[in-house]
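A short worksheet on the structure shown next.
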Amino acid sequence: MKIKVDFDLCESNALCEAMAPEVFELDDDDFLVVKAEETTPETLEDVKRAVAACPRAAIKLED
Ligand code: SF4
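First residue of the sequence shown? That's 38 in the numbering used here, and the numbers climb one at a time after it.
Written out as structure tokens, the structure reads:
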């Protein structure tokens, strides 16, 4: 699935990085970097946890 982040909503609190560090990472300036455009079978469950954890509802998964 495609991973979409609304950077206008993101408040850089790193909760998604805690759930799926293989996909989400805050850089040195606390800007969220999304390291993959799509999930893989290995990352899908972690990314779903990141979606659920984001308090700003900034992450979406699309077909
Ligand atoms: S959990 Fe949401 S608000 Fe926090 S860094 Fe990730 S996308 Fe941004």
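Just so you know, even glycine gets a beta-carbon here, dropped at the ideal spot from N, CA and C.
**OP:** Might you give, ordered along the chain, the residues of its own chain that have their beta carbon closer than 6 Å to the beta carbon of residue 97, omitting 5 neighbours on each side?
**Re:** Locating residue 97 in the sequence shown gives position 60, where the first residue counts as 1. Contacts found: 41.
Original post:
Nearest-angstrom Cα distance between residue 47 and residue 38?
Top reply: To locate residue 47, count along the sequence shown from 1; it is residue 10. To locate residue 38, count along the sequence shown from 1; it is residue 1. Approximately 20 Å, taken between the alpha carbons.
Original post:
Got a sec, what are the start and stop residues for the beta strand (DSSP E) residue 46 sits in?
Top reply: One-based indexing of the sequence shown puts residue 46 at position 9. First-last for residue 46: undefined, no H or E at that position.
Original post:
Leaving out the 5 sequence neighbours to the left and right, which residues in its chain are closer than 8 Å to residue 72 when beta-carbon positions are compared?
Top reply: Within the sequence shown, numbered from 1, the residue matching residue 72 stands at position 35. Within the same chain, residue 72 has close Cβ partners 59, 60, 61 and 62.
Original post:
Tell me which same chain residues have a C-beta within less than 6 Å of the C-beta of residue 76, skipping the five on either side of it?
Top reply: For the purposes of this step, residue 76 is taken as residue 39 along the sequence shown, with counting starting at 1. Excluding sequence neighbours, residue 76 sits near 38 and 84.
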